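In my numbering, the protein residues as written are 192 to 633. This report refers to the structure that appears directly beneath it.
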Amino acid sequence: MTTNKILKLTILCFVLAMGTTFTSCGDEDCNGAVWYADTDNDGLGDPNVSKTSCDQPEGYVANNDDDSDFLGPINSKFLIGAEVGEEGYFLTTDNLTSGAISIVGNGNEGYANLSASVDGFFYYLNSNEGTLDKMEFTTDGLVKRDAISTTALLPGSFYRYIQDTGNGDLFLSNFPNENGDAPFAIIDLATFTVEKHGFFNMPDVDGKKALWANGLVKDDKIYFGSYYGNLNRTGLAQSLITIKFDYPSITNPVVLKNDASAGNNGGYRTNGAFKTENGDIYQYNLNSIHWYGHDELAEKPTVFVRIKDGDYDDYVFDISSKFTEPIAIWNAWYAGNNIVYANVVREADIAVWRDLSGNNGTLVEINLETKTVTELNIPKATYVNIFSLNCVENGNFYIPVNVNGGDANIYKITIGGGANGFEKGAALDGNNVFVNSLHRNF
Numbered sequence: 192m193t194t195n196k197i198l199k200l201t202i203l204c205f206v207l208a209m210g211t212t213f214t215s216c217g218d219e220d221c222n223g224a225v226w227y228a229d230t231d232n233d234g235l236g237d238p239n240v241s242k243t244s245c246d247q248p249e250g251y252v253a254n255n256d257d258d259s260d261f262l263g264p265i266n267s268k269f270l271i272g273a274e275v276g277e278e279g280y281f282l283t284t285d286n287l288t289s290g291a292i293s294i295v296g297n298g299n300e301g302y303a304n305l306s307a308s309v310d311g312f313f314y315y316l317n318s319n320e321g322t323l324d325k326m327e328f329t330t331d332g333l334v335k336r337d338a339i340s341t342t343a344l345l346p347g348s349f350y351r352y353i354q355d356t357g358n359g360d361l362f363l364s365n366f367p368n369e370n371g372d373a374p375f376a377i378i379d380l381a382t383f384t385v386e387k388h389g390f391f392n393m394p395d396v397d398g399k400k401a402l403w404a405n406g407l408v409k410d411d412k413i414y415f416g417s418y419y420g421n422l423n424r425t426g427l428a429q430s431l432i433t434i435k436f437d438y439p440s441i442t443n444p445v446v447l448k449n450d451a452s453a454g455n456n457g458g459y460r461t462n463g464a465f466k467t468e469n470g471d472i473y474q475y476n477l478n479s480i481h482w483y484g485h486d487e488l489a490e491k492p493t494v495f496v497r498i499k500d501g502d503y504d505d506y507v508f509d510i511s512s513k514f515t516e517p518i519a520i521w522n523a524w525y526a527g528n529n530i531v532y533a534n535v536v537r538e539a540d541i542a543v544w545r546d547l548s549g550n551n552g553t554l555v556e557i558n559l560e561t562k563t564v565t566e567l568n569i570p571k572a573t574y575v576n577i578f579s580l581n582c583v584e585n586g587n588f589y590i591p592v593n594v595n596g597g598d599a600n601i602y603k604i605t606i607g608g609g610a611n612g613f614e615k616g617a618a619l620d621g622n623n624v625f626v627n628s629l630h631r632n633f
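Right, dumping it as structure tokens:
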């Protein structure tokens, strides 16, 4: 009997132990702490990979603040594209926060302003060759793996926009012609082949023509921001207009209207729309008199509006009301947690078009939830010529600050950190370096 009891007790203890994480035997009071994997050695842990232990395991940290704990090839974490003089260059680096980054003579030659970085590959519209190039990040640097002729897809023209849809493809497009026909191509990333290409039609609205188009894919729909008017850019529509199509067929157009303001909600260099974490789409409008060449929309405010569940809702954030003089937004980027960073230009600072490339841009932080606007104490610069900016990491937003005739640096901004929530980072060589693209790759 005694032996049987001891055997049963032993088995019970063994069963209990199978569901227990063992900790240090020398510390009877230790219940174990949770540690998170830090694969990329940045001091931030992966919330999806953890261990419980009284002692810190090697390669693990106490926090779970890393949003991408993936270790790419050395010197490939970020990609910078820049124009120096009249030449384009792009290179990769692991460090944006200190030291100096030399563009000329390093990396690759070519313009990478129209580009996307997806799953260890870099795709860019190579204007010199008339191709969409696919390059891989390797320990030996960027290596070209393949190319698709965009000249063959669109003879005599070009694609202005490239978008990673998040659906496993790239969407290439340009604005429509006088008949409302806009070129597009859908590139399957898994096979790097052309899934579909041709033209789609932006329908007339109230007798007016679509004068611009830039799409944003969400699930099985694509939303094209635009503005409508006569072909000579007069008689502009007095509402914000978006055309929603089925995706990827790009059929069944539906007209969405919002009377909160008017003007181009398709963006200029960058998209005029973006998705937030919950799937809502926000748009802003470009209504500068310098964009249209007249003042038909001068009384219309700069606003953010929202598309929710496939249509505009009643959300309106009047950005113009936060300023004492007329302004326009020339580029904006979503950083996460309802925070947008935008290039605000005061209309009075622009006399002619080329002034937009001067030091007239003010970087502001816009909180879409609290409806506040904060000017950052970062130098005025030429933010208008940043085409591709996708560089958010662990609560920080990175942006190139190119002072015309002055210094060029990468700035690290604490998302939601306010007027002084930033650090001046790596310096770029020379005062004629203008960064037009910045990507986080890993």
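In this text, a Cβ means the ideal position worked out from N, Cα and C, and glycines have one as well. These numbers were taken from a predicted model, which means no experiment stands behind them.
Practice task
In angstroms with no decimal places, state the Cα-to-Cα distance between Asn-593 and Asp-411.
Solution key: The count along the sequence shown starts at 1 and reaches residue 593 at position 402. The count along the sequence shown starts at 1 and reaches residue 411 at position 220. Take the alpha-carbon of Asn-593 and the one of Asp-411: they are about 38 Å apart.
Exercise for the section: Would you mind reading off the limits of the alpha helix (DSSP H) that contains Ala-343? Expected result: In the sequence shown, counting from the first residue as 1, residue 343 sits at position 152. Here the alpha helix (DSSP H) through Ala-343 covers 341-344.
Exercise for the section: Classify Leu-407 as helix, strand or coil using the three-state DSSP reduction. Expected result: The residue labelled residue 407 in the question sits at position 216 within the sequence shown. Leu-407 falls in the strand class under three-state DSSP.
Exercise for the section: Flag Asn-405 as yes when its Cβ comes closer than 6 Å to any non-hydrogen atom of the ligand ATP, and as no otherwise. Expected result: For the structure depicted, the ligand ATP is absent and the ligand set is empty, with no information on it obtainable.
Practice task
Can you give me the start and stop residues for the alpha helix (DSSP H) that Ile-510 sits inside?
Solution key: The residue given as residue 510 occupies position 319 in the sequence shown. First-last for Ile-510: undefined, no H or E at that position.
Problem - Best match in Val-496, Glu-468, Asn-469 for proximity to Leu-477 [C-alpha to C-alpha] - result: Indexing the sequence shown from 1 puts residue 477 at position 286. The shortest Cα separation from Leu-477 among Val-496, Glu-468, Asn-469 belongs to Val-496.
Problem - Asp-504 versus Gly-484 - alpha carbon distance - result: To locate residue 504, count along the sequence shown from 1; it is residue 313. To locate residue 484, count along the sequence shown from 1; it is residue 293. Cα to Cα, the separation comes out at about 31 Å.
Problem - Three-way DSSP call (helix, strand, coil) for Thr-214 in this model - result: Walking along the sequence shown from the start, residue 214 turns up at place 23. Per-residue confidence for Thr-214 stands at a pLDDT of 42, beneath the threshold of 50, marking its modelled position as unreliable; the derived number appears in the next sentence. It is coil, neither helix nor strand.
Problem - Segment contact, 8 Å Cβ cut-off, at least three pairs: the region 534-553 with the region 222-239 - result: no
Problem - Ile-353 vs Leu-363 beta-carbon contact at 7 Å - result: Position 162 of the sequence shown, counted from the first residue, corresponds to residue 353. Position 172 of the sequence shown, counted from the first residue, corresponds to residue 363. Taking 7 Å as the Cβ cut-off, Ile-353 and Leu-363 qualify as a contacting pair.
Practice task
Check the Cβ-Cβ distances between Leu-447 and every residue of chain D, and say whether any is below 7 Å.
Solution key: No chain D appears in the structure shown, which is made up of a single protein chain.
Practice task
Please name the residue in Asn-299, Lys-466, Val-225 whose C-alpha comes closest to that of Asp-246.
Solution key: In the sequence shown, the residue the question calls residue 246 occupies position 55. Ranking the options by Cα distance to Asp-246, first place goes to Val-225.
Handout entry: Residue from Ala-539, Asn-581, Gly-527 whose Cα sits closest to the Cα of Ile-557
Key = In the sequence shown, residue 557 corresponds to position 366, counting from 1. Taking only the C-alpha atoms, the option nearest Ile-557 is Gly-527.
Problem - C-beta atoms of Tyr-414 and Thr-442 nearer than 7 Å - result: In the sequence shown, residue 414 corresponds to position 223, counting from 1. In the sequence shown, residue 442 corresponds to position 251, counting from 1. In this structure, Thr-442 does not lie closer than 7 Å to Tyr-414 by Cβ.
Exercise for the section: Would you mind stating whether Phe-366 and Trp-403 have Cβ atoms separated by less than 7 Å? Expected result: Residue 366 sits at position 175 when you count from the first residue of the sequence shown. Residue 403 sits at position 212 when you count from the first residue of the sequence shown. Yes, they are a contact pair.
Problem - Check whether Val-555 and Val-564 have beta carbons under 7 Å apart - result: Here residue 555 corresponds to residue number 364 of the sequence shown, with the count starting at 1. Here residue 564 corresponds to residue number 373 of the sequence shown, with the count starting at 1. Yes, they are a contact pair.
Handout entry: Assigned secondary structure, Leu-567 (DSSP; H/G/I helix, E/B strand, else coil)
Key = Along the sequence shown, one-based indexing puts residue 567 at 376. When secondary structure is reduced to three states using DSSP, Leu-567 falls in the coil class, being assigned neither helix nor strand.
Problem - For Ile-577, the nearest candidate out of Gln-474, Phe-514, Pro-591 (CA to CA) - result: Sequence index remark: in the sequence shown, residue 577 carries index 386 (1-based). Taking only the C-alpha atoms, the option nearest Ile-577 is Pro-591.
Problem - Proximity of Met-326 and Leu-333 at Cβ, strictly below 7 Å - result: As a first step, residue 326 is located in the sequence shown; it is residue number 135 there, counting from the start. As a first step, residue 333 is located in the sequence shown; it is residue number 142 there, counting from the start. In this structure, Met-326 sits near Leu-333, with a CB-CB distance shorter than 7 Å.
Practice task
Measure the alpha-carbon distance for Asn-455 versus Ser-512 and round it to whole angstroms.
Solution key: Start at 1 with the first residue of the sequence shown, and residue 455 comes out as number 264. Start at 1 with the first residue of the sequence shown, and residue 512 comes out as number 321. Their Cα atoms are separated by approximately 19 Å.
Handout entry: Boundaries of the beta strand (DSSP E) in which Ile-413 is found, first to last residue
Key = Reading the sequence shown from its first residue, position 222 is the one you call residue 413. That run of the beta strand (DSSP E) goes 412-416.
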